[in-house]
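If you count the sequence shown from 1, you need to add 35 to reach my numbering.
Positions of the beta carbon are idealized from the N, C-alpha and C atoms, including for glycine.
If you're wondering where the values come from, they're calculated on a predicted model, not measured in any experiment.
Report on one structure; see the data block that follows.
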Amino acid sequence: MGLAVRCYQLALMKRNIFENLGGHAISMTAFGGLGYYLYNTDIRQRAILAEKKDQLLRMREREAALAGAGGDHDGHH
């Protein structure tokens, strides 16, 4: 992906794609590293969101069970 971005960048500037191969390597490394970081960030965030969702569902179930247990009597002693 990094090479494609670098070639696109050079094409926009109307420069030779095979010019400055070191720039290609640096660009591939930078964009590849950025892609890797963003991918793993997305995975971590999805895991955190799934855990939070599970916590909320458990809390709702517990609240519903408590409300159901509290509503079993008619209030007369």
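- The DSSP-derived three-state label of N75 is helix.
- In summary, R97 is exposed, with fewer than 16 beta-carbon neighbours lying within 10 Å of its beta-carbon over all protein chains present.
- Here the C-alpha atom of F53 lies approximately 43 Å from the C-alpha atom of I83.
- Residue state for F53 is assigned as coil, using DSSP reduced to three classes.
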